[in-house]
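Here is the structure we will look at, set down as structure tokens.
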């Protein structure tokens, strides 16, 4: 397994030259969801006090994915961004092939769909090299997305934690067999069995966001 319970990755978040806050990826525990043993993944992003004066962010995502195949069983998000708020729990009903939203709204999902957080850990489990294209499916906000993760090149990254040989990957939206950009996200993962995300960079309309690993606790 490329990760284990107790793994906690802590990142600094910069918006342009501004230190905006901190983000955490954590494998909290395994718990039963409808009698199916699941990993409990957590993602949390928090703006620091100075940046919060301009734009406060506190986002928490909980993903529960079965330990056998990392298929999502339950997904919860708590979003606070400026004046925007969103709180939602959805159920991925694998037996019916539906995602159940609040008020019993049901949306059909593609068979291999995972939520965005479980998908990150699923990709870490895969074996890939430069030039490969990894086809994966995700479901988020009532939409199914077919993504192609392109493995672009190798690079070495140095930061406060250490020096890492990395594979650089980028997800793009798959449309009728043609690769088209979906945003502009690039991720550096360690070029080894664990494929730990070391750095993430996304270009925005104004400026860019960079997320850099600053602390790591390995599980076990």
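Numbering (this note's numbering), first residue to last: 66 to 285.
Ideal Cβ positions, reconstructed from N, Cα and C, are used throughout, including at glycine.
Rounded separation between residue i and residue j - CA only
i: residue 261; j: residue 110; result: 18 Å
i: residue 250; j: residue 169; result: 33 Å
i: residue 275; j: residue 176; result: 33 Å
i: residue 236; j: residue 192; result: 16 Å
i: residue 158; j: residue 102; result: 15 Å
i: residue 184; j: residue 258; result: 17 Å
i: residue 173; j: residue 166; result: 11 Å
i: residue 130; j: residue 282; result: 21 Å
i: residue 215; j: residue 160; result: 31 Å
i: residue 140; j: residue 155; result: 5 Å
i: residue 254; j: residue 73; result: 15 Å
i: residue 146; j: residue 125; result: 11 Å
i: residue 306; j: residue 213; result: Residue numbering for the chain in the displayed model covers 66 to 285; residue 306 lies beyond these limits and cannot be assessed.
i: residue 186; j: residue 135; result: 8 Å
Coil, strand or helix - residue i by DSSP
i: residue 130; result: strand
i: residue 242; result: Reliability fails at residue 242, whose pLDDT of 41 lies under 50, so the model's placement of it is uncertain and the value that follows must be treated cautiously. Note: residue 242 maps to coil in three-state DSSP.
i: residue 118; result: helix
i: residue 168; result: helix
i: residue 200; result: strand
i: residue 215; result: strand
Endpoints, the alpha helix (DSSP H) within which residue i is located
i: residue 183; result: 181-189
Any chain B beta carbon closer than 8 Å to residue i
i: residue 201; result: Among the chains in the structure shown there is no chain B, since it carries only a single protein chain.
Residue i vs residue j beta-carbon contact at 8 Å
i: residue 223; j: residue 75; result: no
i: residue 92; j: residue 104; result: yes
i: residue 209; j: residue 221; result: no
i: residue 107; j: residue 127; result: yes
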